[in-house]
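Input: a single structure, listed below in structure tokens.
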Amino acid sequence: MKIIKRFFALLVALTFMLGLFSTNCNVYADTQKDGYNISISNISVSPNPVNVGALASLKFDFNIYTLAQNAMNVGDTVTLSTNIGTMFGNLPITDLPLLAQNGEQIATATITDTEIKLTVISEFPTDKNFFSGSVYTGGRLKALENGATAGNPSTKQLTIEDASTNVTFNVPPTVPGTSTGGGTPDPNTRTINNRLLEKQGWTSGYDTARIKLIANQIGSLRLFNTYNNIDSSFGTYVADESFMVVDKIPGNGVIDESTVTFTAVRYNWMEV
Numbered sequence: 000m001k002i003i004k005r006f007f008a009l010l011v012a013l014t015f016m017l018g019l020f021s022t023n024c025n026v027y028a029d030t031q032k033d034g035y036n037i038s039i040s041n042i043s044v045s046p047n048p049v050n051v052g053a054l055a056s057l058k059f060d061f062n063i064y065t066l067a068q069n070a071m072n073v074g075d076t077v078t079l080s081t082n083i084g085t086m087f088g089n090l091p092i093t094d095l096p097l098l099a100q101n102g103e104q105i106a107t108a109t110i111t112d113t114e115i116k117l118t119v120i121s122e123f124p125t126d127k128n129f130f131s132g133s134v135y136t137g138g139r140l141k142a143l144e145n146g147a148t149a150g151n152p153s154t155k156q157l158t159i160e161d162a163s164t165n166v167t168f169n170v171p172p173t174v175p176g177t178s179t180g181g182g183t184p185d186p187n188t189r190t191i192n193n194r195l196l197e198k199q200g201w202t203s204g205y206d207t208a209r210i211k212l213i214a215n216q217i218g219s220l221r222l223f224n225t226y227n228n229i230d231s232s233f234g235t236y237v238a239d240e241s242f243m244v245v246d247k248i249p250g251n252g253v254i255d256e257s258t259v260t261f262t263a264v265r266y267n268w269m270e271v
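Below is the structure:
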């Protein structure tokens, strides 16, 4: 009798264990809402720390499964909660492309202050009940103050659903000679009066966007590929591409101000 009882107990234990192992672990996620299992991971902000007023990028991975195990269809939208709007400006960002491994665009992402919406735009296979990939904004998020002051950085927690990452915000030190307090300017301080970084806003829309720096015969630095009359006696300046420095910047590119250097050259046209 004891042997029979032990055998029965063992059989029950094995049945329970097999039930555990038969669970579909692939549908596990950190959050369940709106008919979906949602898992967010690998949230990163670059650069981090980031200076207040500077541009940064956001990247994160997602895995989404339907609770009913039915296939996802064109137009299905998954909404993720976030607090990104309290930390970064330049929102909303709309229609970020989400690509499959073969390069086909299968969805779009829209980021607002409080939500990230992922919308399916390409037909999924009828047996595909999951949706996974990465979202990358490129360098277009503008860092807000977030309580940071000069010499006192502030660290905030950026959340997307139940996942999070810490982001540190710095206020860069004031460059000597740039204040209006009447102090003695630093002789090594250089100031760029033109809006050199104007192209920050449009590199996100045009791949290999260019900026051209031209030194003409009267020493004037001209930006943005615009040319005007230099002097009535010389007529209209005609651009010569061989004298241009052309910088090709990929889509979503960012200009790092600390890497921009100018070298002045005087061109004596009378001796040419």
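Following numbering that gives the first Met the number 0, the numbering of the sequence shown begins with 0 at its first residue and continues without gaps. Think of the CB as a built atom: it goes at the ideal place given N, C-alpha and C, for glycine as much as any other residue. The model shown is predicted, which means the values in this text are computed figures rather than measured ones.
By the criterion of at least three beta-carbon pairs nearer than 8 angstroms, the segment 65-72 is in contact with the segment 124-139. Across the structure, Leu95 and Pro171 are spaced so that their CA atoms are roughly 31 angstroms apart. Taking all protein chains in view, the Cβ of Asn41 is surrounded by fewer than 16 other Cβ atoms within 10 Å, so the residue is classified as exposed. Our two residues, Thr93 and Ser43, have alpha carbons roughly 20 angstroms apart in a direct line. Ranked by Cα distance from Pro152, the options Pro46, Thr167, Ala142, Gly138 are led by Thr167. Residue range 129-135 is occupied by the beta strand (DSSP E) that includes Gly132.
For the pair Thr158 and Asn89, the CB atoms are not nearer than the 7 angstroms cut-off.
In its chain, beyond the 5 residues on either side, Val49, Asn50, Val51, Gly52, Ala53, Ala55, Phe87, Phe168 have a beta carbon closer than 7 angstroms to the beta carbon of Ala142.
Looking at the DSSP output, Gly84 bridges to nothing. Take Lys116, set aside five residues on each side of it, and the residues of its chain with a beta-carbon closer than 6 angstroms to its own are Thr76, Thr78, Thr109, in chain order. According to the DSSP assignment, Asn62 belongs to the beta strand (DSSP E) that extends over 54-65.
Within 10 angstroms of the beta-carbon of Val73 lie fewer than 16 other beta-carbons, which makes it exposed.
In this structure, the alpha-carbon of Thr136 lies about 10 angstroms from that of Phe59. Under the three-state reduction of DSSP, Ser121 is assigned to coil, being neither helix nor strand. If you compare the alpha carbons of Asn101, Glu114, Thr113, Ile120 with that of Thr107, the shortest gap goes to Ile120. In the DSSP annotation of this structure, the continuous segment of the beta strand (DSSP E) that includes Thr158 starts and ends at 153-159. Ranking Ala149, Thr173, Glu144 by CA distance to the CA of Gly84 puts Glu144 first.
Of the residues Ala99, Gly150, Asp33, the one whose Cα lies closest to the Cα of Val134 is Ala99. With respect to the 7 angstroms criterion, Pro91 and Thr111 are classified as neighbours on the basis of their beta carbons. Residue pairing by DSSP places Gln104 opposite Leu98 in a beta bridge. Excluding the 5 residues flanking it on each side, Thr164 has same chain C-beta neighbours closer than 6 angstroms at Ile42, Leu157, in chain order. When Gly34, Ala70, Ile39 are compared, the shortest CA-CA separation from Glu160 is found for Ile39. Nearest in C-alpha terms to Thr173, of all of Gln104, Ala162, Ala149, is Ala149.
For Asn145, the secondary structure class from DSSP, reduced to helix, strand or coil, is coil.
In summary, Gly34 is exposed, with fewer than 16 beta-carbon neighbours lying within 10 Å of its beta-carbon over all protein chains present.
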